[in-house]
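**Q** Residue numbers (the numbering used here): 1 to 75. Quick reminder that beta carbons are idealized off the backbone N, C-alpha and C, glycines included. The structure that follows is given in the form of structure tokens.
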């Protein structure tokens, strides 16, 4: 994940610019670790953004794919 992607995610989740700058400085110094960044966000009063708790919401995402190709027959 690029830093620009991380900044975009934080901006779309209404993180203040000053807080974004401090988190980006932390990432540039220590590398990106989703759990540590989320811990910093929690300490600043924000919801976690980068953990995959929301991604794994318990929903079964498997779908049966049907063949939607139409067949033409000679009449």
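Whole angstroms is fine: what's the gap from residue 32's alpha carbon to residue 16's?
**A** Cα to Cα, residue 32 sits roughly 19 Å from residue 16.
**Q** The alpha helix (DSSP H) that contains residue 36, what's its start and end?
**A** Taken as a continuous stretch (DSSP letters only), the alpha helix (DSSP H) holding residue 36 covers 34-43.
**Q** Using the Cβ count rule (16 or more neighbours within 10 Å means buried), how would you classify residue 23?
**A** Answer is buried; the Cβ neighbour count reaches 16.
**Q** Cα-Cα, which of 1, 9 and 4 is closest to residue 47?
**A** The shortest C-alpha separation from residue 47 is found at 9.
**Q** May I have the straight-line CA-CA distance separating residue 29 from residue 4, to the nearest angstrom?
**A** Distance between the alpha carbons of residue 29 and residue 4: 16 Å.
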